[in-house]
Amino acid sequence: MKPLLKEIRYNPRLWLLVFVPVVLIAERIAPSNHTLLFVLAILAIVPLAALLSHATESVAEKTGDAIGGLLNATLGNLTELIIAIAALQAGEYMLVKASIAGAVVTNSLFMLGASFLLGGLRHHVQEYNRAGGRLYGGLLLMATIALLAPSAVADLDLARGEVMAQNLSAGLAVLLIVAYGLALLFSLKTHKELFASADHGDKEEAPWPLGLAVGTLLVVTVLVALVSEIFVGSVQKAGEALGMSPAFVGFIIVALVGAAAEMAVAFSAARKDRLDMSVSIALGSAAQIALFVAPVLVLISYVVGPKPMDLQFWPGAVTMVMISAVTASFISNSGRSAWFIGALLLFIYAIFAMTLYVVPPGAHAPA
Amino acid sequence: MKPLLKEIRYNPRLWLLVFVPVVLIAERIAPSNHTLLFVLAILAIVPLAALLSHATESVAEKTGDAIGGLLNATLGNLTELIIAIAALQAGEYMLVKASIAGAVVTNSLFMLGASFLLGGLRHHVQEYNRAGGRLYGGLLLMATIALLAPSAVADLDLARGEVMAQNLSAGLAVLLIVAYGLALLFSLKTHKELFASADHGDKEEAPWPLGLAVGTLLVVTVLVALVSEIFVGSVQKAGEALGMSPAFVGFIIVALVGAAAEMAVAFSAARKDRLDMSVSIALGSAAQIALFVAPVLVLISYVVGPKPMDLQFWPGAVTMVMISAVTASFISNSGRSAWFIGALLLFIYAIFAMTLYVVPPGAHAPA
Amino acid sequence: MKPLLKEIRYNPRLWLLVFVPVVLIAERIAPSNHTLLFVLAILAIVPLAALLSHATESVAEKTGDAIGGLLNATLGNLTELIIAIAALQAGEYMLVKASIAGAVVTNSLFMLGASFLLGGLRHHVQEYNRAGGRLYGGLLLMATIALLAPSAVADLDLARGEVMAQNLSAGLAVLLIVAYGLALLFSLKTHKELFASADHGDKEEAPWPLGLAVGTLLVVTVLVALVSEIFVGSVQKAGEALGMSPAFVGFIIVALVGAAAEMAVAFSAARKDRLDMSVSIALGSAAQIALFVAPVLVLISYVVGPKPMDLQFWPGAVTMVMISAVTASFISNSGRSAWFIGALLLFIYAIFAMTLYVVPPGAHAPA
Chain A
6 MKPLLKEIRY NPRLWLLVFV PVVLIAERIA PSNHTLLFVL AILAIVPLAA LLSHATESVA
66 EKTGDAIGGL LNATLGNLTE LIIAIAALQA GEYMLVKASI AGAVVTNSLF MLGASFLLGG
126 LRHHVQEYNR AGGRLYGGLL LMATIALLAP SAVADLDLAR GEVMAQNLSA GLAVLLIVAY
186 GLALLFSLKT HKELFASADH GDKEEAPWPL GLAVGTLLVV TVLVALVSEI FVGSVQKAGE
246 ALGMSPAFVG FIIVALVGAA AEMAVAFSAA RKDRLDMSVS IALGSAAQIA LFVAPVLVLI
306 SYVVGPKPMD LQFWPGAVTM VMISAVTASF ISNSGRSAWF IGALLLFIYA IFAMTLYVVP
366 PGAHAPA
Chain B
6 MKPLLKEIRY NPRLWLLVFV PVVLIAERIA PSNHTLLFVL AILAIVPLAA LLSHATESVA
66 EKTGDAIGGL LNATLGNLTE LIIAIAALQA GEYMLVKASI AGAVVTNSLF MLGASFLLGG
126 LRHHVQEYNR AGGRLYGGLL LMATIALLAP SAVADLDLAR GEVMAQNLSA GLAVLLIVAY
186 GLALLFSLKT HKELFASADH GDKEEAPWPL GLAVGTLLVV TVLVALVSEI FVGSVQKAGE
246 ALGMSPAFVG FIIVALVGAA AEMAVAFSAA RKDRLDMSVS IALGSAAQIA LFVAPVLVLI
306 SYVVGPKPMD LQFWPGAVTM VMISAVTASF ISNSGRSAWF IGALLLFIYA IFAMTLYVVP
366 PGAHAPA
Chain C
6 MKPLLKEIRY NPRLWLLVFV PVVLIAERIA PSNHTLLFVL AILAIVPLAA LLSHATESVA
66 EKTGDAIGGL LNATLGNLTE LIIAIAALQA GEYMLVKASI AGAVVTNSLF MLGASFLLGG
126 LRHHVQEYNR AGGRLYGGLL LMATIALLAP SAVADLDLAR GEVMAQNLSA GLAVLLIVAY
186 GLALLFSLKT HKELFASADH GDKEEAPWPL GLAVGTLLVV TVLVALVSEI FVGSVQKAGE
246 ALGMSPAFVG FIIVALVGAA AEMAVAFSAA RKDRLDMSVS IALGSAAQIA LFVAPVLVLI
306 SYVVGPKPMD LQFWPGAVTM VMISAVTASF ISNSGRSAWF IGALLLFIYA IFAMTLYVVP
366 PGAHAPA
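In the order they appear, the protein sequences are chains A, B and C.
Counting from 6, one number per residue, gives the positions in the first sequence under the working numbering.
Counting from 6, one number per residue, gives the positions in the second sequence under the working numbering.
Counting from 6, one number per residue, gives the positions in the third sequence under the working numbering.
Below is the structure:
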C-alpha cells in the first residue's frame, strides 16, 4: 500500500479521490439532487481513471512485453467501457452510442489538438516520427470506416430495419473484434519495431509491485462501476437542468471524463516535445474505441441490457466521426506540428460541441 | 493454334474452359434451373476472361507501344463491359449500376487488399514506387468524384428527375470519355516515363502470334457474350434462391467474376514483391471503370437497352465507392505495405459485402 | 493620377473600365433589360476588381510587413464581399450562400486546376514548395470543415429549425473570425517563415504612391458597390432568360467574376513556373472565404438585410465544397504537378457546373 499512498500524497490530481466516498454518501442522502450527483460523480471518476491507468501499466510492466502490451491495449479504455456498461444496464442506448462516437471525436480532435497546441506553445515547430503518425492515422481511418460503414451505407427501412440492423451489428461486432485481434498481432508481434518509438509508459511514475497493482485494478474497477452507475443515473436529469441534450452529454461530457487520464499523459508528453507519444495515445485510443470497445459493448448488450444494442448511428454522428478521423489522419500524416494546427483541431471540436449543444439530433434518431 | 493449346494444357485455370460448352448445353436442356446455370456460367467466364486478357496483351505487344498501351487500357475491362452490355439488353439497370459501383469497390479494396496481404505474408515490409501509387491514387480519386458528383450533389426531384438525370448522364458520359482520352494521352504519350515502373505485361507468358491473338480475341469475345447472356438471365433468380439481393449480386459476384483475370496477375505480382504492378492494376482498373466503362455503357444504352440508362447511383453505393477510392488513395500514397494493411482493406470490403447482404437498398432506389 | 492613367493605357484588361459608365447609364435608360445589364455589369466588375487588387497591394506595401499582410489578407476578397453585401441588401440569401460556396469551389478547383494546366502546358513537370502546399491545403480543409460542420451535422427540424440555425450561425461566425485572427497571427507573426516562399506581390507592377492607392481604393470600392447593385438586381432575371438557376449563377458566375483579378495573378505565376504563388493564392483565398468572408456576411446581415442570414447550406453545396477542399488538399500535398492534374481538377469543376445547370437544388433548399 505504501507506493499507492505515497503517490496519492504527491499527486494533487489524486486528492480528488476524496469525492469517491462523498458521491457514494451523497447518493444515499440526496438521491434526487441529480445535478449535484452528476458533478460529484465526474470529480470522483477523474482520479479513479488515473489510478486505473497507472495500475494497468504497472501490471503490464510486470507481465512482460507481449502480454503487457495486450493488457495495456485492452484495458486502456477501461473507464469508458465501465461507464458505457452502466449506461447499457440502464437501457440508455442513445447515451452509449453518443459516448462511443464522442470518444472517437474527442480523442482525435480534442486530445490531439490540445497536445499540438500545448506542445506548440513551448516549441516553435515540433517534428515527430512520421511513419508512426501515418500508421496510427491509417489504423484510425480504417477502424472508423469499419465501424460506420453500415450506418453510412445502409438505407434502412424503418419498419423492418431494427431486426436487420441487429443481425448486422452482431456480425459486424465479431468482425471488428477479429480485426482488433489482428491489429494486436501486428503491433505487438509481427511488426512491433514499427511502433517502437511510441513508448506508452511514462517513466516518471515508478511501477507498483504486482500485488498492489492487481489489487488496485480490481478495487478501482469496482469503485468506477459504482460511481458510473450514479453518473449514468443522474446525467440525463442533470443535463436537462443544465440545458444539455443527451447527445451533448454523451458526446462531450462522458467522452472528456472517460479520457481524462490518457489526456494527462498525452499533454505532458507533448510539452516535453515527445509528440510521438501524444499522437499514438490519441489516435491509438480512438482506434481502439472503434475496433474494440464498440463491438464489445454490442456483445455485452445481449447479456446485460433490456434488449440488444445495434451499431446504427444517427447521420450527424457518422459525419462528425468521419470528419474527425479524416482530419486527424491528414494532420498526423505530416510529421510536423505548430501551435496553430492544434488550435484548428480544437476549433473544429468546439464547432461540433456548439452544434450538438444548440441543435440536438431529432427524436427520429435511432434510440 | 499450337501456343493456345499448349497454354491450355499447362495452365490448370484454363481447364475450366470445359464449362463453356457445358453451360451452353445446360441452357438448352434445363433453361429454368437458374442456380445451376448461374454457377456454370461463373465457372465458364473465369477462364474466358483469362484468355481474353492474354489475347489482348499479345495483340498489344505486336502493335507497338502507343497503340498497344491504348488497346491494353481499353480492352482491359472487356469482360466487365460484355457482362454489363448483356445486362443492359435485358433491361437490368440496377444490376449494371451495381456492377459498375461494385467493380470500383472490388478493385480498390479487394484486389488491392488481397495483393497487400498475399505480398505481406511472404515479405516483411514491401516498398513500392511511391510516385506511381500516388499518381494512380489521384487518378482513381478524381475519376470516382467525376462519376459520382451528380449523384452526390443533385437533389433530384423525383417527378421531373428522370429526364434531367438522363440529360445530365449523357453529357457527363461525353465529359468522362474525353477525360479518359486525356488520361491515355498523359500516361501513354506526354508523361509515360512517370508510369514506367508499372509494367503491366507479366513476362512469364510468351505472347502469341498476331493472327492467333486476334482470332482468339474475336472468338472469346463472342463466347463471353453468349455465356454472359445466360449469366444475366439466371443471376436474378439464382440470387433469390441463394438469398442474395440484386445489389449484392452486382456489387460482389459480378465484380469478382469480371475482375478474376486481372486479380490473378495482380496477386502473382504481389507475391513476387512487385507491388508497383499490383497497385497499378488494381487502381488503374478501378479508375478505368469510372472513366471509360461507365460512360460507354451510358452511350451504348441509347442503342441496345429498352430505354437510356442514367448515372444516378443510390446513396449507399455513392458512399461505398467514395470510401473505397479515398481509402485506396490514402493507403497507396505511402509507398510501403505490410500484411495488416491488406487485412484492413479486406475487412472493409467484408463489411460492405455483409451490409449489402443483410440490408439491400430499398425499393425507392433509382432503378 | 499619373501612374494610374499610365497603367490603364498599357494594360488592355483595364480598358474594360469603359463599361463602368456604360452600365451606370444603361441602368437609367433601360432598367428592365436585365440580360444587357447583367453582361455589362460583369464586364465592368472585372477591371474594377483588378484595380482594387492593385490598390490594396500598393497600400499594403507602403504600410510595412505586418499591417500590409493583414490588409492584403483582409481586402483580398473585397470584390466578393461587396457583391455579397449587395445581394444581402436585396434579400437574396440563396445567392449569397451560393456565392460563398461557389467561391470556395471555384478557387480550389478552377483557379488551382487552370494554374496547373497553364503551367503544365509550358513546363513538363512542375515542382513547388511542398510544405507550403500542405499548409494551405490543411488550412483550407479545416476552414471548410468549420464552415460546413453545422450543415453537415445538424439534423434540422424544419419547424423550430430556423431560430436554432440562426443562433448557431451567429456563434459560429464569431468562432470563425477568431480562428481567422489566429491564422493571421500564425502566418504573419509567429511562423511567417513557413509562408515565406509564397510571396503574393507580383513585382512586375510598380506600387502606387500611398495617396493615389488609398484614393483608388475608396473610389473603386464605391464603384464596385454601385455596379454590384445593378448586377444583383439583374442577375436573377437574366439568369432565367439565359436558362440558369440562381444556384448556378451564384456558384459559377458570381464566383468567377469575383475572383477574376486573383486568377489573372495566379495564372501568370503558374506560367512563370512559380506554382508556389498560384497554390497559395488559390487555396489561401478559398480558406479566407470560409474563415472570414462568410462569417462577416452573417454578422453584417444583422444590420443590412431584411432578416439575419444563417450558415445552413443545402446538402449538394456541402458535398461540393467538401469534395473541392479534400481534392485540392490531396493534390497540393504532393508538391509536383503536370498538365493532366490541372485538367482533372477542371473536369471536376465542369461536372459540378453541369450538374448545377441541369439539376438546380429543389425548392425545399433553405432560402
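Ideal placement from N, C-alpha and C gives every residue a C-beta, glycine not left out.
Closest residue to residue i among the options (Cα-Cα distance)
| i | options | result |
| --- | --- | --- |
| His59 (chain B) | B:Pro8, B:Gly321, B:Leu296 | B:Pro8 |
| Ala178 (chain A) | A:Ala265, A:Glu12, A:Ala299 | A:Ala299 |
| His128 (chain A) | A:Leu350, A:Phe357, A:Ser342, A:Leu351 | A:Ser342 |
| Glu132 (chain B) | B:Val219, B:Asp278, B:Ala291 | B:Asp278 |
| Ala269 (chain A) | A:Pro313, A:Pro17, A:Ala333 | A:Pro17 |
| Ile150 (chain C) | C:Phe318, C:Val232, C:Lys312 | C:Phe318 |
| Ala148 (chain C) | A:Tyr98, A:Leu361, A:Leu122, A:Thr332 | A:Thr332 |
| Leu144 (chain A) | A:Gly244, A:Ser290, A:Tyr354 | A:Ser290 |
| Ser156 (chain C) | A:Ala322, A:Asn38, A:Val109 | A:Ala322 |
| Ala288 (chain A) | A:Val109, A:Ala218, A:Leu187 | Sequence check: residue 288 (chain A) is Leu here, not Ala. Nearest C-alpha to Leu288 (chain A): A:Val109. |
| Gly310 (chain B) | B:Leu10, B:Tyr98, B:Val254 | B:Tyr98 |
| Ala170 (chain B) | B:Tyr185, B:Ala154, B:Val183 | B:Ala154 |
| Gly73 (chain C) | C:Leu296, C:Val227, C:Gly347, C:Leu215 | C:Leu215 |
| Ser63 (chain C) | C:Leu217, C:Leu122, C:Ser104 | C:Leu217 |
Per-residue DSSP class, three states only, for residue i
| i | result |
| --- | --- |
| Gln131 (chain C) | strand |
| Ala295 (chain B) | helix |
| Asn38 (chain B) | coil |
| His250 (chain B) | The sequence shown places Ser at residue 250 (chain B), rather than the His named in the question. Of the three classes helix, strand and coil, the one that applies to Ser250 (chain B) here is coil, per DSSP. |
| Asn82 (chain C) | coil |
| Thr68 (chain A) | coil |
| Gln171 (chain C) | helix |
| Trp20 (chain B) | helix |
| Ala95 (chain C) | coil |
| Met6 (chain B) | coil |
| Asp278 (chain C) | coil |
| Leu349 (chain A) | helix |
| Ala358 (chain B) | helix |
| Ala264 (chain A) | coil |
| Met314 (chain C) | coil |
| Val308 (chain A) | coil |
DSSP beta-bridge partners of residue i
| i | result |
| --- | --- |
| Arg341 (chain B) | B:Glu132 |
Within chain C, the residues that residue i reaches when beta carbons sit closer than 7 angstroms
| i | result |
| --- | --- |
| Ile305 (chain B) | Neighbours of Ile305 (chain B) on chain C: none; closest Cβ ~21 angstroms, over 7 angstroms. |
| Ser339 (chain A) | Arg139 |
Contacts that residue i makes with chain A (C-beta to C-beta distance below 8 angstroms)
| i | result |
| --- | --- |
| Ala106 (chain B) | Ordered by position in chain A, no residue passes the 8 angstroms Cβ test against Ala106 (chain B), which lies about 11 angstroms from the chain. |
| Ile336 (chain B) | Gly143 |
| Thr40 (chain B) | Near Thr40 (chain B) there are no residues of chain A at all, since even the closest Cβ is about 24 angstroms away, more than 8 angstroms. |
The ligand FMN heavy atom lying under 6 angstroms from the CB of residue i
| i | result |
| --- | --- |
| Val227 (chain C) | Inclusion of the ligand FMN in the displayed structure is not the case, the ligand content being empty and no account of it being possible. |
Closer than 8 angstroms at the beta carbon, the chain B residues around residue i
| i | result |
| --- | --- |
| His196 (chain A) | His129, Val130, Ala343, Phe345 |
Contacts of residue i in chain C (Cβ-Cβ under 8 angstroms)
| i | result |
| --- | --- |
| Thr332 (chain A) | Leu146, Met147, Ile150 |
Cross-chain neighbours of residue i in chain B, by beta carbon under 7 angstroms
| i | result |
| --- | --- |
| Ala355 (chain C) | Leu180 |
| Pro251 (chain A) | Residues of chain B passing the Cβ test: none, with the nearest at roughly 26 angstroms. |
Contacts that residue i makes with chain A (C-beta to C-beta distance below 7 angstroms)
| i | result |
| --- | --- |
| Asn172 (chain C) | Val363 |
| Phe352 (chain B) | Ala151, Leu180, Ala184 |
Taking one C-beta from the region 272 to 284 of chain B and one from the region 112 to 121 of chain B each time, how about it: are there three or more such pairs within less than 8 angstroms? yes
Counting Cβ pairs, one atom from each stretch, are 3 or more of them under 8 angstroms apart for the region 303 to 323 of chain B and the region 86 to 103 of chain B? yes
contact_flag[the region 14 to 22 of chain C, the region 45 to 55 of chain C] where n(CB pairs < 8 angstroms) is 3 or more: yes
Per the contact definition of three or more C-beta pairs closer than 8 angstroms, is the region 260 to 276 of chain B in contact with the region 243 to 251 of chain B? no
I want to know whether the region 234 to 245 of chain A touches the region 30 to 45 of chain A - three or more CB-CB distances under 8 angstroms. yes
If you pair each beta-carbon of the region 338 to 357 of chain C with each one of the region 179 to 196 of chain B, do three or more pairs fall below 8 angstroms? yes
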